[in-house]
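Novice: Reading the sequence shown from the start, the letters are residues 1 to 133 in our numbering.
Handing you a structure now.
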Amino acid sequence: MNAEDLRRLVESFYDDVYKHPLLGPVFQMELGQRRETHLSRMVDFWSTVMLGNRSFRGNLVQRHMQLKNVSPAHFDAWIQLWALHTTDRFDHATTSKLRRVAYDIGRQLFASYFDTRSSPHSRKPVQRVDNDG
Numbered sequence: 001m002n003a004e005d006l007r008r009l010v011e012s013f014y015d016d017v018y019k020h021p022l023l024g025p026v027f028q029m030e031l032g033q034r035r036e037t038h039l040s041r042m043v044d045f046w047s048t049v050m051l052g053n054r055s056f057r058g059n060l061v062q063r064h065m066q067l068k069n070v071s072p073a074h075f076d077a078w079i080q081l082w083a084l085h086t087t088d089r090f091d092h093a094t095t096s097k098l099r100r101v102a103y104d105i106g107r108q109l110f111a112s113y114f115d116t117r118s119s120p121h122s123r124k125p126v127q128r129v130d131n132d133g
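Dropping the structure here:
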């Protein structure tokens, strides 16, 4: 895997995100004219994760918590689309890492949005238990 492979993956993935009936409207509303900037940042993010080039700086949770009208179905759709785009594109180890990182990010964002400890593709999240009674 190299930088060009990642760029092609991210570009094809987000092209489909924008066309997706559930995800597309959220991305179009939130990003508007900043689509190319977002795409460039996502290429930087995945290059940092997969190639170790440290080109991405930012707080994913903080940025995503500003989004409105996000539901568990959005997480399901995002994960399914990512899995589709990573299938048969890279060797097994690379595909596994791409998916693991996406799932981990999805779980973290899902928990932040919905105050649960659950995977983004779970239909029945486990509610957090407070220790103060």
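All C-beta atoms, glycine included, are put in the ideal place defined by N, C-alpha and C.
What's the call for H74, buried or exposed, on a 16-neighbour Cβ count within 10 Å?
Specialist: buried
Novice: Just to confirm before moving on: does the CB-CB distance between H38 and A77 stay below 8 Å?
Specialist: no
Novice: Just checking, does the region 1 to 17 make contact with the region 82 to 90 on the three C-beta pairs under 8 Å criterion?
Specialist: yes
Novice: Let me check understanding here. Comparing Cα to Cα, which of F114, Y18, R54, V49 lies closest to K97?
Specialist: V49
Novice: Short of 6 Å in beta carbon distance, which residues of its chain neighbour A102, apart from the five on each side in sequence? Order them along the chain.
Specialist: W82
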